[in-house]
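Number of protein chains: 2
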Amino acid sequence: MYRKTFDGMNCSIARSLDQVGEWWSLLIVREAMLGTTRFDDFQSRLGIARNVLTSRLNSLIENGVLERVVAEGSEKRCAYVLTPKGKALYPVLVALMQWGDQWLGHEAPIKLVEHSTGLPIEPVGPRVGERVLALHEVRAVPGPGATEKTLESIEKRNRAILGEG
Amino acid sequence: MYRKTFDGMNCSIARSLDQVGEWWSLLIVREAMLGTTRFDDFQSRLGIARNVLTSRLNSLIENGVLERVVAEGSEKRCAYVLTPKGKALYPVLVALMQWGDQWLGHEAPIKLVEHSTGLPIEPVGPRVGERVLALHEVRAVPGPGATEKTLESIEKRNRAILGEG
Chain A
226 MYRKTFDGMN
236 CSIARSLDQV
246 GEWWSLLIVR
256 EAMLGTTRFD
266 DFQSRLGIAR
276 NVLTSRLNSL
286 IENGVLERVV
296 AEGSEKRCAY
306 VLTPKGKALY
316 PVLVALMQWG
326 DQWLGHEAPI
336 KLVEHSTGLP
346 IEPVGPRVGE
356 RVLALHEVRA
366 VPGPGATEKT
376 LESIEKRNRA
386 ILGEG
Chain B
226 MYRKTFDGMN
236 CSIARSLDQV
246 GEWWSLLIVR
256 EAMLGTTRFD
266 DFQSRLGIAR
276 NVLTSRLNSL
286 IENGVLERVV
296 AEGSEKRCAY
306 VLTPKGKALY
316 PVLVALMQWG
326 DQWLGHEAPI
336 KLVEHSTGLP
346 IEPVGPRVGE
356 RVLALHEVRA
366 VPGPGATEKT
376 LESIEKRNRA
386 ILGEG
């Protein structure tokens, strides 16, 4: 059923969710970004069933988000580490974290600062220069991969969000 | 099972995914950001089963991401629109879109520009000033909501990612 979306929509968000949008997948990526590498550690820290964890790890490996390597100091054990493609999901997770901190009514458990300076990270979001732009301050335009359907979506989007006739 | 994570981890990412991390939820939010408001339009554009769509819409409404309003021009029809909390998910979706454009081997269907100037949106991500910082350039520090477990996670994270003894 999901593939229908993927094929029909020609949308980078749908395609991204196709690779990391399953329940648990982004939590596994988050765990990897917290330094977890071993199957048993993912399992106990997430409280996830072993068969589900195996299936999610395998699909993240297939999609090139994680890779399985021999663990340091033990040739018998394997470790799961983020690939460059996996590390590139960091902005998605920071955006989710900031949204949670702002909207879910709890105090932030973790703050992020620049390692070299200690300066706090600014709000993540689409920007031109200093300010993060809101949904209605951004216009969609066709990219090189646009299809007829994309053009329709873009027109509908700009009409609805920007209030254009 | 999932609640285990939520309770044990005290993590804004887990809590955010608890509200919008189900399969379909972020695609529904994306549709709403493309201007879709009617049940039948969500249904046909996403190719999602009606019962699943109903369940996802209800949980997005319960979580304050969408609200159900009377459709303009028809008192009998209802429309689903984003709340301010829902619109605040825009950075998450833009981050997923940029990741897809960069890593999924297709040409970008849509480009985003600032509405008022036409200038292209910059890469979304954690930054201090001009440059988007990578995972290993960011340090985690305790926030006001940190627990003992958070402190352990932070230490482990900085040791693993920043290579600190």
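Chains as they are written, first to last, in my numbering: chain A, 226 to 390; chain B, 226 to 390. In this text, a Cβ means the ideal position worked out from N, Cα and C, and glycines have one as well.
- Put simply, the segment 232-248 of chain B does not touch the segment 369-380 of chain A. Fewer than three CB pairs are less than 8 Å apart.
- Taking the Cα positions, A/Pro334 is about 19 Å away from B/Glu362.
- For A/Asp326, the residues of chain B that pass the 7 Å Cβ criterion are Ser237, in the order they occur in the chain.
- From the listed residues A/Glu332, A/Lys310, A/Arg270, A/Met322, the smallest Cα separation to A/Glu347 is found for A/Met322.
- For B/Leu321, the enclosing alpha helix (DSSP H) starts and ends at 315-328.
- Note: A/Pro309 is not bridge-paired with any residue in the DSSP secondary-structure output.
- In this structure, B/Asp326 is the residue among B/Asn383, B/Asp326, B/His340 with its C-alpha nearest to the C-alpha of A/Ala239.
- Beyond the five residues adjoining it in sequence on each side, B/Leu285 comes within less than 6 Å, by CB distance, of Leu291 in the same chain, given in chain order.
- Here DSSP, grouped into helix, strand and coil, assigns B/Val338 to strand.
- Residue pairing from DSSP leaves B/Cys236 without any beta-bridge partner.
- Taking a beta-carbon distance threshold of 7 Å, A/Val254 does not count as an interface residue toward chain B.
- In this structure, the straight-line span from the alpha carbon of B/Lys312 to that of B/Leu376 is close to 32 Å.
- For A/Leu291, the enclosing beta strand (DSSP E) starts and ends at 291-295.
- Listed along the chain, the chain A residues whose CB falls inside 7 Å of the CB of B/Leu259 are Ser378, Lys381, Arg382.
- Closer than 7 Å to the CB of A/Tyr305 there is not a single CB belonging to chain B.
- No residue range can be given for B/Arg263, since it is assigned to no alpha helix (DSSP H) and is classified by DSSP as neither H nor E.
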